[in-house]
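Trainee:
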Amino acid sequence: MCLGIPGQIVAITDAARQMAMADVSGVRREVSLAPVADRPLDALVGKWVLIHVGFAMAVIDAQEAADTLEALRGLGEAQETLDAMAEGAKALEEQ
Amino acid sequence: MRYVEEFRDPKAAKALLSAIARVADAIGATREKPVHIMEVCGGHTHAIFRYGLDKLVHEGIEFIHGPGCPVCVLPMSRVDDCVTIAEREGVIFTTFGDAMRVPGTRKSLLQAKADGADIRMVYSPLDALELARRNPEREVVFFGLGFETTTPSTALSIQQAAREGLTNFSVFCNHITVPEPIKTLLDDPHMVLDGFVGPGHVSMVIGVHAYDFIARDYGKPIVVAGFEPIDLLQSVLMVLEQIRDGRAEVENQYARVVPEHGNPVSLAAIADVYERRPRFAWRGLGEIDASGLRIRDTYLAFDAEEKFGIGYAASPDDEPEGCACSSVMTGRIKPTACPQFGRGCKPETPLGALMVSSEGACAAYWTYGGARALPRVNPEVAAQ
Ligand code: SF4
């Protein structure tokens, strides 16, 4: 939860709430762009961001994204984050 | 023991290791009289063990593992408060998975869930918000936990809930800050610290000037670092060079991600939603002035402490029997010196919080040192 994970913004899903769909290691997850919304949201589509618990905290370049992902995989933290995302999706469905 | 060949750039790693050795020799660092460098962030602790950096660097460098794992410093009494809230009728209690196994004095959240409380692991406070929207008849509480990396996310979620007029969403706020415990450690006369490797992702939010006091008031170097082994080695080298040159500065090794002044949107949200508590309890460290955040009166409707009548009370240092967490936390002893290490206390059955998270020093020792890390003779256990 303390380390961010890189993801690529694929589409704006709700401009009013500054929400977008991100691709995180092949997993789709809706994230908030609020912390990086100092520019038009559309300009963020295709960009890599560092995502912390569902919030894009920094725009990074593709190389930095690849290197960070490798470091997180090495630590097992990438899988931990993807598992947490799956848990989050499951939590919404429980009755 | 890991090998440099495993690194993404072994050549660069080898060059850094030799440079570190040269500077360490130049300043006279030896195994008997080592330079003590604290890595503040639990993510760095994990990386140091995973890559065996503590063994690869010159023997005159000793890493002291800092308090930067929020799960590890959470007081048991706050876990008890979580359980109390979660067991209330009609509540859906949401939390990061990391907090599930932290022992409370009565039980952990995992045990409370097994006992029937509706506790759900979420990835983000956004999931908790969505649960509140979908379940208007239930009270959805989010367990706000973590340093400045997660603080903006709960602040922005509370602002969003306010905009939407949600009345069934609240946050049990346990957010804590990085600079204050560093100050406490520096004020501790028993603590020997020569320099710091500063947290990367926390600094992305708060910027580098939050650490100015370390250089200015305490004359110690601090280098904000990334998470790759190369980043860490380079940062250690930068700390050593400062020591060699008699400098004490805040340097930013991770400038490709960490802006000097942090993230303005996040800082504004934190300032809008939170204020500092006069003091807050840290497991193993006691109460630290101005180190915890609470929700401002403007957002009182979203404060679970208010909603459920739970106040903040200093908890006595209630550690489990025979646990040496506070000594490990303050760098006085290594995890292996704890009589419970690997015996009563293992990652699957943690006794102390340092064994719960992969970022805790004890869990890191166990995972990467395992049983080999156990001292052969442990007088306290042998005596039982
Ligand atoms: S081994 Fe367990 S009980 Fe001992 S200091 Fe570490 S976490 Fe605490």
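Chains as they are written, first to last, in the numbering used here: chain R, 139 to 233; chain G, 710 to 1093. Don't be surprised by glycine CBs; every beta carbon is placed ideally from N, CA and C.
Decide yes or no for the touch test of the segment 957-973 of chain G against the segment 924-938 of chain G: beta carbon pairs closer than 8 Å, at least 3 of them.
Mentor: As far as the Cβ criterion goes, the segment 957-973 of chain G touches the segment 924-938 of chain G, which means the pair count is three or higher.
Trainee: May I ask you to check if the CB of G/F989 is nearer than 7 Å to at least one heavy atom of the ligand PLP?
Mentor: Annotation note on the ligand PLP: not contained in the displayed structure, which lists the ligand SF4 as its ligands.
Trainee: Inspect the beta-carbon positions of G/F856 and G/G777 and report whether they are closer than 8 Å.
Mentor: Counting from one through the second sequence, the residue named residue 856 of chain G turns up at place 147. Counting from one through the second sequence, the residue named residue 777 of chain G turns up at place 68. Contact: yes.
Trainee: In three-state DSSP terms, what is G/D940?
Mentor: Translated into positions along the second sequence, residue 940 of chain G becomes position 231. Of the three classes helix, strand and coil, the one that applies to G/D940 here is helix, per DSSP.
Trainee: Taking only beta-carbon positions, decide if G/R1041 is within less than 8 Å of chain R.
Mentor: Mapped onto the second sequence, residue 1041 of chain G falls at position 332. No, no contact with chain R.
Trainee: Tell me whether G/Q951 counts as near the ligand SF4, meaning its Cβ is closer than 7 Å to at least one heavy atom of that ligand.
Mentor: Position 242 of the second sequence, counted from the first residue, corresponds to residue 951 of chain G. Checking every heavy atom of the ligand SF4 against the Cβ of G/Q951, none is found closer than 7 Å.
Trainee: Using a Cβ cut-off of 9 Å, pull out every chain G residue sitting near R/I198, in sequence order please.
Mentor: In the first sequence, counting from the first residue as 1, residue 198 of chain R sits at position 60. The contacting residues are R965, V966.
Trainee: CB-CB under 6 Å to G/I1004, same chain, minus the five flanking residues each way: which ones, in chain order?
Mentor: In the second sequence, residue 1004 of chain G corresponds to position 295, counting from 1. Answer for G/I1004: C882, D1012, listed in chain order.
Trainee: Any contact of the segment 818-837 of chain G with the segment 786-806 of chain G, i.e. 3+ C-beta pairs under 8 Å?
Mentor: Touching, yes.
Trainee: Residues of the segment 792-820 of chain G in Cβ contact with chain R at a cutoff of 8 Å, in chain order, please.
Mentor: For the segment 792-820 of chain G, which is checked against every Cβ of chain R, the residues closer than 8 Å are T803, F805, G806, D807.
Trainee: Can you check which of these residues, R/A158, R/Q156, R/S163, R/A172, is closest to R/P144 by C-alpha distance?
Mentor: Here residue 144 of chain R refers to the residue found at position 6 when the first sequence is read from its first residue. Selected option, being the one with the closest Cα: R/S163.
Trainee: Report whether the distance from the Cβ of G/M1064 to the nearest heavy atom of the ligand SF4 is below 7 Å.
Mentor: Counting from one through the second sequence, the residue named residue 1064 of chain G turns up at place 355. Within the cutoff, so yes.
Trainee: Flag G/V1037 as yes when its Cβ comes closer than 7 Å to any non-hydrogen atom of the ligand SF4, and as no otherwise.
Mentor: On the second sequence, residue 1037 of chain G is found 328 positions in, with the first residue counted as 1. Indeed, a heavy atom of the ligand SF4 lies less than 7 Å from the Cβ.
Trainee: Rounded to whole angstroms, what's the CA-CA distance from R/D221 to G/E1030? Just pull it up for me.
Mentor: Numbered from 1 along the first sequence, position 83 holds the residue referred to as residue 221 of chain R. Numbered from 1 along the second sequence, position 321 holds the residue referred to as residue 1030 of chain G. Approximately 33 Å between the Cα atoms of the pair.
Trainee: Under three-state DSSP, which class holds R/E202?
Mentor: Taking the first sequence and counting its residues from 1, the one referred to as residue 202 of chain R is at position 64. If DSSP states are grouped into helix, strand and coil, R/E202 belongs with the helices.
Trainee: Quick check on this structure: which residue in G/L819, G/F922, G/Q951 has the alpha carbon closest to the alpha carbon of G/A735?
Mentor: For the purposes of this step, residue 735 of chain G is identified with residue 26 of the second sequence, where counting begins at 1. If we check each option's Cα against that of G/A735, G/Q951 comes out closest.
Trainee: Does the beta carbon of G/P1044 fall short of 7 Å from some heavy atom of the ligand SF4?
Mentor: Taking the first residue of the second sequence as 1, we reach residue 1044 of chain G at position 335. It does: the Cβ of G/P1044 is within 7 Å (strictly closer) of some heavy atom of the ligand SF4.
Trainee: Give a single yes or no on whether G/A1033 has its beta carbon closer than 7 Å to a heavy atom of the ligand SF4.
Mentor: The residue given as residue 1033 of chain G occupies position 324 in the second sequence. Because some heavy atom of the ligand SF4 lies under 7 Å away, the Cβ of G/A1033 counts as near it: yes.
Trainee: When you compare only the Cα positions, how much space is there between G/E715 and G/K723?
Mentor: Along the second sequence, one-based indexing puts residue 715 of chain G at 6. Along the second sequence, one-based indexing puts residue 723 of chain G at 14. Rounded to the nearest angstrom, the two C-alpha atoms are 12 Å apart.
Trainee: In three-state DSSP terms, what is G/C1034?
Mentor: Here residue 1034 of chain G refers to the residue found at position 325 of the second sequence. Three-state result, G/C1034: helix.
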